[in-house]
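Have a look at the structure below, then the notes.
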Amino acid sequence: MSGPRWRATDGLFREFQALGRASLVLDTQDSHSGNMALRRTNERGEDEIVITATGSQKGDLEPSQICFLSATETDYGYYKASSETDIHARILALPGVRASMHAHVKDLILATLDDAPKPGKPPDFVPVDPLARHHLGPAVPVDWFAVPSGSTELTRVIPERLADHPLTIIFGHGAMAKGRTLREAFFRLMVGNYAGAVVRNMERLRIDVGAVRDGIAAGPGRAFAGPPPDYEVDGDERSDFRDEEEILREFVKAGHRVFESRLSPFHTGSMSIRGVRSMLYAPKASMPRDVGGPLLSVPLAPDPSDDPEAALHKAIYAGSDFQSVMHCHVAEAEASARFVYPGETEPADRIIPIDAEGSFLYLVIPVLPPDTGAEELIRNLHEYKVAVVRGGGVWAVGAQSLSEVLHHPSSVREICLYRIGAFERGLDLRRMEPAKAKRW
Amino acid sequence: MPDFPIPGYHGRVLVADLSLGEIRPVPLDPGTALSYLGGRGLATRLLCDTIDPACEPLGPDNAFVIASSPLVGSTAPTAGRGHMVFKSPLTGVIGTSNSGGTWGAAFKSAGYDALIVKGAAAEPVMIDLAPGRAEILPAGHVWGKTTHETNDVLAADAGPGRPARILCIGPAGENLVRFAAVANDRNRVYGRCGPGAVWGSKRLKAIRVRGREKIAAADPEKYKSGQEQAIYLLKQAPVTKRLMRDLGTAGLVELINLIAMLPHKNFQDCLHRDEDVDRVSGETLAKTLLEKAGSCYLCPIGCQRHTRVAGRDGGEERGEGPEYETVVLTGPLCGIYDLAAITRANYRANELGLDTMSYGGTLACAMELAERGLIGPEETNGIDLAFGSAEALETLVGLTARREGLGAALAEGAHRLAAGRGRPELAMTVKKLEIPAYDPRASFTQALGYMTSPTGACHLRGGYAVSLAFFGGAKEIPRFSLLQAPIAIRNMQNMGILQDSLGICRFTGYAFSADPWARMASGVTGRDLSVAKLEEIENRVATLERCFNLGAGATAEDDALPDRFADVPILVEGRERRVTREDQERMKRDYYAVRGWDAAGRPTPGLLRALRIEEARR
């Protein structure tokens with residue numbers, strides 16, 4: 001290797017900085033935790049690893065805290081690089097892997113803690129939500145390590161796990177994900193954390209998670225709405241509507257809010273504004289600051305190549321006068337959709353706000369079964385503007401604007417938070433629900 | 001009349017032929033009721049069934065229809081409005097206007113769903129309605145009287161029993177001023193599009209109603225769920241719980257100025273000195289003139305302004321108003337910032353039966369014509385017609401209502417006034433209706449609303465983009481999005497059709513949208529009036545109105561702003577803004593497409609079939 005290379009190019013630095021900041025905003029790091037790396041061929045044609053510096057604050061990375069080291073030999077780059085560099089290097093050596101990331105995904109960590117004696121192999125984590133099920137698989141490995149940071153044991157086991165899984169969990173410490181890009185690795189971590197949040201919220205609602213898992217195992221096709229779109233690593237910078245400055249701003253603003261307010265994990269969900277013959281469509285609605293996503297102009301006419309997500313946006317527009325549509329995966333809503341009132345046997349078909357703001361906005365929010373068709377969803381959206389599909393996320397519509405539609409999933413999250421919190425405190429939700437909601 | 005199968009309706013439509021001096025009830029068709037709901041929808045349907053859209057608006061072949069709705073007579077908040085539809089003598093296209101107060105509810109309680117008045121009487125007449133009774137009576141004794149005088153005389157003549165409610169015209173209507181209003185409860189008015197002139201042409205001075213017929217809900221539980229939620233939301237939303245009561249609609253003056261949308265000098269610019277705006281603000285009105293707020297029937301909002309003001313010649317006057325539109329259109333639009341003068345002119349306009357909006361727009365146009373030497377001193381009879389002249393404002397209101405001196409020219413409205421002097425482009429109108437008090441250059445959505453409103457430039461029929469853009473909470477709409485404007489404005493227009501067809505107040509829209517209304521309407525009627533079903537009705541009414549206008553001779557070319565808005569920019573947040581002709585064409589083309597109309601703005605046969613109004617093609 002020749003010459004010092006402690007300066008990241010603008011684009012590369014911005015990517016590390018934005019994702020570092022995003023992971024901290026979502027509380028998936030402590031002030032100094034986590035690390036991320038990617039493998040690339042540099043300007044000189046050399047095979048290179050780019051990795052965050054050890055002890056750096058991921059929320060406020062400096063250019064000098066991005067380290068460059070050889071992917072094929074030991075060089076001075078290691079002196080400053082992350083203490084997990086060896087693990088990253090081995091992950092990055094896996095076929096097709098160009099990025100890796102580690103984060104303290106607290107909801108997932110908490111959802112996988114157990115008090116069984118150690119050493120021992122904790123059970124795999126079984127997601128109960130459609131996102132993690134699709135993107136991480138039906139079971140995510142969890143491993144206990146005597147030295148769960150930077151150890152040779154970690155260096156051996158983690159890459160082995162990631163050879164077969166997109167994400168693996170380090171018991172009591174965090175998770176490590178691989179990706180074709182840093183964004184994909186981050187996406188998987190956030191989906192994992194979301195999966196943990198869904199389970200934790202279900203536990204707080206005293207939902208029998210084991211029974212839910214059994215139900216999913218018995219019939220995964222019946223437990224979830226259609227699979228979410230695969231993660232696309234290309235095209236994030238595409239923007240088809242630069243001439244619509246205000247709308248562009250609205251999309252970016254809404255994207256930030258969806259991400260920061262945890263209305264949907266990174267690069268999940270979707271949102272659109274309808275034009276006359278086309279719709280402006282963001283297939284990765286959850287967009288942190290400085291991390292974009294595709295903003296596409298798509299013909300409104302159905303196309304056989306449409307993925308189910310885009311197809312449903314089009315179907316909603318075809319069946320209504322709505323101007324805007326948003327689909328989010330709200331962890332609290334996903335859990336609430338499986339809530340069974342004490343003394344009852346089936347999950348409730350509506351979420352009734354018990355908080356003032358929620359009651360102001362809605363008396364009830366319908367909960368629809370996973371196999372709800374477009375027609376039934378549209379009917380509910382006409383009546384309620386927002387609906388939770390069990391195993392399928394929150395769908396919302398607006399008559400005028402993106403800002404309007406954003407309000408729905410945002411409110412649904414708060415509504416569910418208060419219900420979950422009240423129930424957790426032992427309060428009687430039925431008694432707290434407004435009487436008028438029963439008539440609605 | 002047999003029992004009507006749909007609760008919420010009486011099943012009776014009154015038809016008065018003033019040429020024949022006859023009035024009789026006919027059954028309301030249940031299918032029509034459910035397809036058009038009531039109010040604006042039902043009245044439009046009945047008008048289309050009654051007149052040829054090509055008729056002369058001030059001739060006996062024109063008619064007007066007043067319709068109630070299934071919610072009027074229930075306890076639904078604000079559901080007391082009546083709606084009137086006619087061919088407008090000002091615009092030559094459909095005229096549609098509504099009013100609050102108590103008359104609408106009283107009409108429903110008299111036992112009728114709608115009233116069609118056609119023909120023309122030889123002498124002044126009035127119509128007197130009560131349950132089981134409908135009469136055409138002479139009205140010579142009140143002809144020539146103001147709306148207040150007429151109201152008081154006819155209410156007193158009604159004798160004992162439940163108080164009678166009076167709907168009447170003033171001298172402006174009698175003199176066929178093209179923007180004459182019809183007033184009820186003294187100061188509530190069906191203001192826009194000149195319904196008063198239609199009444200005047202028929203020599204109909206008043207309609208007196210009283211009654212006690214109630215309606216019952218088919219599904220009280222469902223109805224109550226919607227009604228309770230509506231009340232709850234009205235009590236929570238800042239605009240409906242407090243702002244309107246404290247400041248009235250004039251509370252918008254400062255806000256609209258802040259967003260560079262407050263028109264000035266016949267829409268020449270939006271530049272005002274802050275201290276001037278402060279002199280005519282809602283806050284100033286509340287501090288200096290307001291005696292108390294008042295409410296229409298079953299309204300918890302309470303935007304009415306009961307005011308008092310120093311008289312022009314000493315003493316003190318009491319009355320109602322001014323509202324935002326009146327303040328701005330007879331104020332800053334004319335370069336006037338004298339709130340007392342504006343208030344007095346408003347009082348006179350109410351008494352004489354004039355639409356203050358069109359009066360303000362026409363006066364501003366006259367001032368610009370005078371500024372350009374196109375109205376000379378020989379016409380003004382010594383009245384200072386310069387921008388800023390409160391004297392002109394207060395003096396010309398009476399002259400206009402009586403068609404005296406320069407008032408005769410003003411009585412024709414801004415378009416005819418400017419066209420008569422060879423400068424039609426100086427009339428700030430769309431389809432000859434004077435533009436409301438929001439400059440369209442500051443919001444493409446509002447611009448498109450003015451362009452495509454069925455009645456001409458109207459913020460209530462064209463879509464009130466301002467409300468959602470700036471104080472609609474989460475419903476902010478980009479102001480300058482060509483892409484978003486067509487659907488956004490279509491949806492706002494449709495919401496307006498729903499509100500007008502249910503006989504409810506626009507301001508409820510600041511608290512909630514269609515869902516509680518759907519619950520209430522379904523609960524009262526016992527029929528599926530879900531939001532989706534209501535949407536279908538809204539689209540049907542919008543397209544029927546379009547068909548009427550095409551039949552009246554309107555074309556796509558009429559869906560355009562005056563040249564000024566394309567040619568002369570205003571400054572919005574440091575940037576020059578105008579609505580170019582290309583932008584107008586694009587928005588218009590897209591708007592037609594979302595409505596299902598062809599490139600010439602004609603509803604397609606397929607759409608007419610889908611909406612079950614094929615006959616409208618004729």
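One line per chain: the protein sequences are A and B, in this order. Going by my numbering, the first residue of the first sequence is number 1, and it counts up by one from there. Going by my numbering, the first residue of the second sequence is number 1, and it counts up by one from there. The beta-carbon is built from N, C-alpha and C at its ideal position, and this holds for glycine as well. In this text, all values refer to a predicted model and were calculated from it rather than measured experimentally.
Just reading off the alpha helix (DSSP H) that residue i is part of, what are its end residues?
{"i": "B/F64", "result": "From DSSP, B/F64 is part of no alpha helix (DSSP H) but of the beta strand (DSSP E) over A63 to A67."}
{"i": "B/S201", "result": "P195 to S201"}
{"i": "B/D622", "result": "With chain B covering 1 to 618 only, the question about residue 622 of chain B has no answer from this structure."}
{"i": "B/W517", "result": "A514 to T525"}
{"i": "B/T288", "result": "G282 to T288"}
{"i": "A/H102", "result": "No alpha helix (DSSP H) contains A/H102, which is instead part of the beta strand (DSSP E) from A99 to A103."}
{"i": "A/M432", "result": "L429 to M432"}
{"i": "A/N438", "result": "The sequence given here places Lys at residue 438 of chain A; Asn does not occur at that position. Looking at the DSSP string, the run of the alpha helix (DSSP H) that includes A/K438 is A435 to R439."}
In whole angstroms, what is the alpha-carbon distance linking residue i and residue j?
{"i": "B/F64", "j": "B/F179", "result": "15 Å"}
{"i": "B/V15", "j": "B/L115", "result": "6 Å"}
{"i": "B/E378", "j": "B/K87", "result": "35 Å"}
{"i": "B/S68", "j": "B/R212", "result": "15 Å"}
{"i": "A/D234", "j": "B/C365", "result": "58 Å"}
{"i": "A/D27", "j": "A/L263", "result": "14 Å"}
{"i": "B/M428", "j": "B/P562", "result": "6 Å"}
{"i": "A/D230", "j": "B/G596", "result": "36 Å"}
{"i": "A/I158", "j": "A/H88", "result": "9 Å"}
{"i": "A/P265", "j": "A/V394", "result": "13 Å"}
{"i": "A/P288", "j": "B/L167", "result": "59 Å"}
{"i": "B/F548", "j": "B/R210", "result": "32 Å"}
Helix or strand or just coil, what does DSSP make of residue i?
{"i": "B/S238", "result": "The sequence shown places Pro at residue 238 of chain B, not Ser. In the structure shown, B/P238 sits in a helix (DSSP, three-state: H, G or I)."}
{"i": "B/D583", "result": "helix"}
{"i": "B/W597", "result": "strand"}
{"i": "B/R24", "result": "strand"}
{"i": "A/H256", "result": "helix"}
{"i": "A/Q29", "result": "coil"}
{"i": "B/I256", "result": "helix"}
{"i": "A/R390", "result": "coil"}
Return the first residue and the last residue of the beta strand (DSSP E) that residue i is part of.
{"i": "B/I94", "result": "I94 to S99"}
{"i": "A/A35", "result": "What sits at residue 35 of chain A in the sequence shown is Asn, not Ala. N35 to T41 is the span of the beta strand (DSSP E), which, as asked, contains A/N35."}
{"i": "B/K87", "result": "G82 to K87"}
{"i": "B/E323", "result": "From DSSP, B/E323 is part of no beta strand (DSSP E); its letter is neither H nor E."}
{"i": "A/L296", "result": "L296 to P299"}
{"i": "A/M326", "result": "S324 to C328"}
{"i": "B/P486", "result": "Note, B/P486: premise wrong, no beta strand (DSSP E); alpha helix (DSSP H) at A485 to L502."}
{"i": "B/L137", "result": "R133 to P138"}
{"i": "A/L108", "result": "Note, A/L108: premise wrong, no beta strand (DSSP E); alpha helix (DSSP H) at K106 to T112."}
Using a cut-off of 7 Å between C-beta atoms, extract the partners of residue i located in chain E.
{"i": "A/R379", "result": "Absent from the structure: chain E. Protein chains present are A and B."}
Can you tell me whether residue i sits near the ligand GDP, meaning its C-beta is under 7 Å from at least one heavy atom of the ligand?
{"i": "B/P124", "result": "For the structure depicted, the ligand GDP is absent and the ligand set is empty, with no information on it obtainable."}
Going along the stretch 42-60 of chain A in order, which residues come within less than 7 Å of chain B, judged by CB to CB distance?
none
Can you pull out the residues from the stretch 586-598 of chain B whose beta carbon lies closer than 7 Å to at least one beta carbon of chain A?
D590, A593 and V594
Chain A contacts from the stretch 231-242 of chain B (Cβ-Cβ distance under 7 Å):
L233 and Q236
Below 8 Å, can you find three or more Cβ-Cβ pairs linking the stretch 325-340 of chain A to the stretch 269-281 of chain A?
Verdict: yes, contact present.
Could you list the residues in the stretch 495-516 of chain B with a C-beta less than 8 Å from some C-beta on chain A, going in chain order?
M495, S513 and D515
The stretch 529-550 of chain B: positions lying closer than 7 Å to chain A by Cβ
S530, V531, A532 and E535
Taking a cut of 8 Å between CB atoms, which residues from the stretch 353-365 of chain A lie near chain B?
Contact residues of the stretch 353-365 of chain A toward chain B are S359, F360 and L363 (C-beta to C-beta distance below 8 Å).
Cβ contact (3+ pairs, closer than 8 Å) linking the stretch 445-454 of chain B and the stretch 484-493 of chain B:
yes
Near-chain B residues of the stretch 398-411 of chain A - C-beta to any C-beta below 8 Å:
G398, A399, Q400, S401, S403, E404, L406 and H407
Which residues of the stretch 478-494 of chain B have a Cβ closer than 8 Å to any Cβ of chain A? Give them in chain order.
P478, R479, F480, S481, L482, L483, Q484, P486, I487, A488, R490, N491, M492 and N494
Taking 8 Å as the threshold, find out whether the stretch 244-253 of chain B comes into contact with the stretch 79-99 of chain B through three or more Cβ pairs.
no
Touching by the beta-carbon criterion (3+ pairs, under 8 Å), the stretch 223-238 of chain B and the stretch 152-163 of chain B
no
Below 7 Å between beta carbons is the criterion; list the residues of the stretch 6-35 of chain A that meet it against any residue of chain B, in chain order.
none
Along the stretch 312-343 of chain A, what residues have a CB closer than 7 Å to any CB found in chain B?
D321 and Q323
How do the stretch 539-549 of chain B and the stretch 41-52 of chain B stand: do at least 3 beta-carbon pairs fall below 8 Å, yes or no?
yes
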